[in-house]
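Just so we're on the same page, the numbering used here is the position in the sequence shown counted from 1, plus 552. Here is the structure we will look at.
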Amino acid sequence: GGYFFLIISSSALPIYVLIYLAIYNFLIPLIVSIIVLMVQPFFVLMRKRILRQATEKIAQFTNLAVIGITGSYGKTSTKEFLKTILSAKFNVLATPAHKNSEMGIADTILKNLNDKHQVFIVEMGAYNKGGIKLLCDMVKPRIGVVTGVNEQHLSTFGSMENLLSAEGGIELAEHLPQHGTLVINGDNKYCLDLYKKSNI
Numbered sequence: 553g554g555y556f557f558l559i560i561s562s563s564a565l566p567i568y569v570l571i572y573l574a575i576y577n578f579l580i581p582l583i584v585s586i587i588v589l590m591v592q593p594f595f596v597l598m599r600k601r602i603l604r605q606a607t608e609k610i611a612q613f614t615n616l617a618v619i620g621i622t623g624s625y626g627k628t629s630t631k632e633f634l635k636t637i638l639s640a641k642f643n644v645l646a647t648p649a650h651k652n653s654e655m656g657i658a659d660t661i662l663k664n665l666n667d668k669h670q671v672f673i674v675e676m677g678a679y680n681k682g683g684i685k686l687l688c689d690m691v692k693p694r695i696g697v698v699t700g701v702n703e704q705h706l707s708t709f710g711s712m713e714n715l716l717s718a719e720g721g722i723e724l725a726e727h728l729p730q731h732g733t734l735v736i737n738g739d740n741k742y743c744l745d746l747y748k749k750s751n752i
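Below, the structure written as structure tokens:
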């Protein structure tokens, strides 16, 4: 709208300036799209590098007990309860508030994890099927906690099957070691279904 006002009210401007402004106005979305497409591969490579570095770093801590927490609700509260309880006996690191994505978890590993930590509590958030698997591949939890599952994020996942795979704990349970531990909400029907199907 701004350019049309300029064209109408700026009869003193040469015609080539007005044509240039009209072309610029038309091409700006294309220019921005080209810039984004040019920069995107750089960010993808940086993301992969950071995730690889975090995976390599945490793999060095063979005695670290990693607890992965997922679910539709209650992840942050459960993480904070566990951190408080376990800190009475162990040196505990937990992911900060709302840093439950792969980049947030990787950042915590790279900046905060050290050889003094005995327990690492990881809040795991996902927005699609395979999201929790990716986090498990990075941190390799020994203990999994599924706080509870409901349909509140169903639109994000697209189907109940996808939601149950990620938030529902299926991916977490499948990536625990055979000697691992799975803790579920016994008052939640989806968690009870997971319990019945789990080999852990």
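We put the beta carbon where it would ideally sit given N, CA and C, even for glycine. Quick caveat, the model's predicted, so the values are computed rather than measured.
query                                                                                                        : result
Supposed contact pair Lys600 and Leu665 - C-beta distance, whole angstroms, cut 8 Å                          : Actually they are not in contact, since the Cβ atoms of Leu665 and Lys600 sit about 20 Å apart, beyond 8 Å.
Stretch-stretch touch, CB-based, cutoff 8 Å, three pairs: the segment 684 to 699 with the segment 731 to 750 : yes
Classification of Tyr742 by the beta-carbon crowding that lies within 10 angstroms, buried from 16 upward    : buried
When Tyr625, His727, Gln612 and Ser711 are compared against Asn652, the one with the closest alpha-carbon    : Tyr625
C-beta atoms of Ala718 and Ile673 nearer than 8 Å                                                            : no
Asn643 beta carbon less than 8 Å from that of Gln670                                                         : yes
Rounded C-alpha distance that separates Ala649 from Thr628                                                   : 7 Å
For Val735, the residue or residues it bridges with in DSSP                                                  : Val697
Limits of the beta strand (DSSP E) - the one that Ala646 falls within                                        : Val644 to Ala646
Ile617, DSSP secondary structure in three states                                                             : Just to set this straight, residue 617 is Ala in the shown sequence, not Ile. Three-state DSSP puts Ala617 in a strand.
Assigned secondary structure, Ile752 (DSSP; H/G/I helix, E/B strand, else coil)                              : coil
Straight-line Cα distance separating Pro581 from Tyr572                                                      : 15 Å
Residue span of the beta strand (DSSP E) that contains Glu675, given as start and end                        : Val671 to Glu675
Residues that DSSP places opposite Lys660 in a beta bridge                                                   : Note on residue identity: the sequence assigns Thr, not Lys, to residue 660. Paired residue(s): none; Thr660 is not in a bridge.
Residues bridged to Thr630 [DSSP beta-bridge criterion]                                                      : Answer is none; Thr630 lacks a bridge partner.
Residue from Phe578, Val584, Lys692 and Val596 with nearest C-alpha to Ile657                                : Lys692
Among Asn702, Thr660 and Met712, the one whose alpha carbon lies nearest that of Met690                      : Thr660
Alpha carbon of Asn702 to alpha carbon of Ile583, nearest angstrom                                           : 43 Å
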